[in-house]
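Working notes, structure below.
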Amino acid sequence: MGRLNGMKSVNPTQATQLSNREHAVFLDTRDDAEYSAGHIPEAVHIPLKQLPQRVAELNKYKDHPVIAYCRSGNRSNSVGSVLKKNGFESVYNLGGGIAAWQKANLPVRKN
1 MGRLNGMKSV NPTQATQLSN REHAVFLDTR DDAEYSAGHI PEAVHIPLKQ LPQRVAELNK
61 YKDHPVIAYC RSGNRSNSVG SVLKKNGFES VYNLGGGIAA WQKANLPVRK N
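Under the numbering used here, residues 1 to 111 are what the sequence shown spells out, in order.
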């Protein structure tokens with residue numbers, strides 16, 4: 001696991017392990033159209049621009065690791081500071097985003 005701007009970066013394999021072992025929550029920070037086109041199953045969807053106003057929706061997950069992702073991992077990297085200011089301690093960025101997830105042949109759900 002590397003660090004990017006103070007936020008831990010995980011690859012798809014590490015993210016899957018966090019999900020399976022520690023009940024990590026995936027946070028999709030993309031816009032509505034991107035989310036509908038395909039997202040990680042069970043992901044919580046809060047577009048990055050709305051996160052400061054909607055962060056309370058994640059409070060029930062404070063005891064779980066949160067893995068933020070976007071298309072490529074750039075936008076979601078800025079999520080760490082917002083979540084940490086709101087009491088989240090275990091925050092990760094999915095390196096390579098949903099693109100890396102799909103490249104690893106991991107499941108994607110479409111709406």
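Yeah, the Cβ is synthetic: ideal placement off N, Cα and C, and Gly gets one too.
Treat the numbers as computed from the prediction; the structure is a model and nothing was measured.
- Judged by DSSP in its simplified three-state form, residue 75 adopts helix.
- Residue 104 sits exposed, since fewer than 16 C-beta atoms from the chains shown fall within 10 Å of its C-beta.
- Comparing alpha-carbon positions, the option among 81, 32 and 45 lying closest to residue 92 turns out to be 81.
- With 16 or more neighbouring CB atoms inside 10 Å of its own CB, residue 97 falls in the buried class.
- Between residue 87 and residue 9, the C-beta gap is not smaller than 7 angstroms, which leaves the two residues out of contact.
- Closest option to residue 34, judged by alpha-carbon separation, among 47, 107 and 68: 47.
- Shown here for residue 22: same chain residues with a beta carbon closer than 6 angstroms to its own, the five before and five after excluded, namely 65 in chain order.
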